[in-house]
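In mature numbering (1 follows the signal peptide of the UniProt record, and there is no 0), the protein residues as written are -21 to -1, 1 to 137.
Notes follow the structure.
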């Protein structure tokens, strides 16, 4: 009886572990603020509550105009990604993004810190990423995917 229970629990454990491994095809590690990529992905980054409160304080009523525009471009990006069946995640700006290349963990830097709504494009096999504004998303995405893009300070190869 004990052997039967042991085998039963082992089967459940290994089935559960396999199911988790199958779900883990976009990120290796996901907590509230740390994310490590293991596959090509697009991350749509929006401001956190803390950032929104700071922007409201510093911009006053102009914040609402900017947020309205940003939400419109977010909607366009979202629709474009859905139309091409591209996987994506939505995270806030408190998240810290990493990727692993040749066993070394690299932190992705946002060199466009003036952007409060932005997209992170990531190619896993090439260890390549780029940060783009929502307003330029479709063109920048097509250039990034086709490799016809000229490297900028916001795109790095490791």
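Virtual Cβ for every residue (Gly too), placed ideally from N, Cα, C.
Which residues in the same chain as residue i place their Cβ atom closer than 6 Å to its Cβ, once the five residues preceding and following it in sequence are excluded?
i	result
residue 22	68, 70, 99
residue 13	75
residue 49	96
Residue j and residue i - do their beta-carbons sit closer together than 9 Å?
i	j	result
residue 55	residue 113	yes
residue 19	residue 121	no
Would you report the Cα separation of residue i and residue j, rounded to the nearest angstrom?
i	j	result
residue 30	residue 96	11 Å
residue 24	residue 51	14 Å
residue 41	residue 77	33 Å
residue 83	residue 105	14 Å
residue 45	residue 79	35 Å
residue 58	residue 117	11 Å
residue 109	residue 47	24 Å
residue 89	residue 26	13 Å
residue 66	residue 123	16 Å
residue 43	residue 34	10 Å
residue 73	residue 94	13 Å
residue 36	residue 28	12 Å
With DSSP collapsed to three states, give me the class of residue i.
i	result
residue 210	Nothing about residue 210 can be reported from this structure: the residues present for the chain run from -21 to 137 only.
residue 35	helix
residue 80	strand
residue 114	helix
residue 22	strand
residue 71	strand
residue 122	helix
Tell me which residues share the same chain as residue i and place their Cβ nearer than 8 Å to its Cβ, disregarding the 5 neighbours each side in the sequence.
i	result
residue 125	none
residue 53	23, 25, 96, 113
Under a Cβ-count criterion, where at least 16 other Cβ atoms within 10 Å of its own Cβ denotes burial, should residue i be classed as buried or exposed?
i	result
residue 119	buried
residue 86	exposed
Any heavy atom of the ligand COA inside 8 Å of the beta-carbon of residue i?
i	result
residue 27	In the structure shown, the ligand COA is absent, as is every other ligand, since no ligand is present at all.
Using a Cβ-Cβ cutoff of less than 7 Å, which residues in the same chain neighbour residue i once the five nearest sequence positions on both sides are dropped?
i	result
residue 60	21, 67
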